[in-house]
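The next block holds one structure in the form of structure tokens; read it before the comments.
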Amino acid sequence: MDRLHCALSQALKELSAVEDLRFADAFRNFVAKMERSFRQEEAWLEETQCPSLLMHLEEHARALSALHHLHSRIMAGGISEGREVVQYVLPHWLAFHITTMDFAMTNSRDHADTYGGPNAFLTEESDSNVLH
Ligand SMILES: [Fe+2]
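All residue numbers for the sequence shown refer to the working numbering, where the first residue is 1476 and numbers rise by one.
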């Protein structure tokens, strides 16, 4: 997980340094890298049946949707908007996402490893007929 985050962080830094003429292509490559990273996370989420699976998937989808829309504006000449998002918005979004959704996923994985696999997320109450 940390490797994925470091790779995205490094890719953001590299994208910031790209000259304007190459920015649209570099941004497209960055979005593709984010998609691959998200797919890896999503495979882990599904494997562990993480309780926050749907919220996490939704957050990934919203982010990718926003980035694809931004890419179309960048291709139409919105380089400065793209740079602003790369410099200010994405680092904060990634930090927030990592400390909330990804952290919860990591905790779920650790919990599953310790307590018996993906089905460990089922509480004792849900396994029995105990009403809440
Ligand atoms: Fe995530």
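Where a beta carbon is used, it is the ideal one built from N, C-alpha and C, also for glycine.
**Report entry** Start-to-end residues for the alpha helix (DSSP H) that takes in residue 1577
**Finding:** In this chain, residue 1577 is not harboured by any alpha helix (DSSP H), its DSSP state being neither H nor E.
**Report entry** Environment of residue 1477 [buried if 16+ CB atoms lie within 10 Å]
**Finding:** exposed
**Report entry** Backbone CA spacing between residue 1560 and residue 1506 [nearest angstrom]
**Finding:** Annotation: residue 1560 to residue 1506 spans about 13 Å, alpha carbon to alpha carbon.
Report task. For residue 1481, count neighbouring Cβ atoms within 10 angstroms of its own Cβ and tell me buried if that reaches 16, exposed if not. Result -> exposed
Query raised in the report: How many angstroms separate the CA atom of residue 1600 from the CA atom of residue 1522?
Result: Because residue 1600 sits at a pLDDT of 36, beneath the cut-off of 50, its placement in the model cannot be relied upon, and the following sentence gives the value as read from the coordinates. One Cα belongs to residue 1600, the other to residue 1522, and the distance between them is close to 22 Å.
Query raised in the report: Nearest to residue 1499 by alpha carbon, out of 1577, 1544, 1571, 1563?
Result: Comparing alpha carbon positions, the residue from 1577, 1544, 1571, 1563 closest to residue 1499 is 1544.
Query raised in the report: When DSSP labels each residue in this structure, what does residue 1525 get in the three-state scheme?
Result: coil
Query - Coarse secondary structure for residue 1492, derived from DSSP in three states - result: coil
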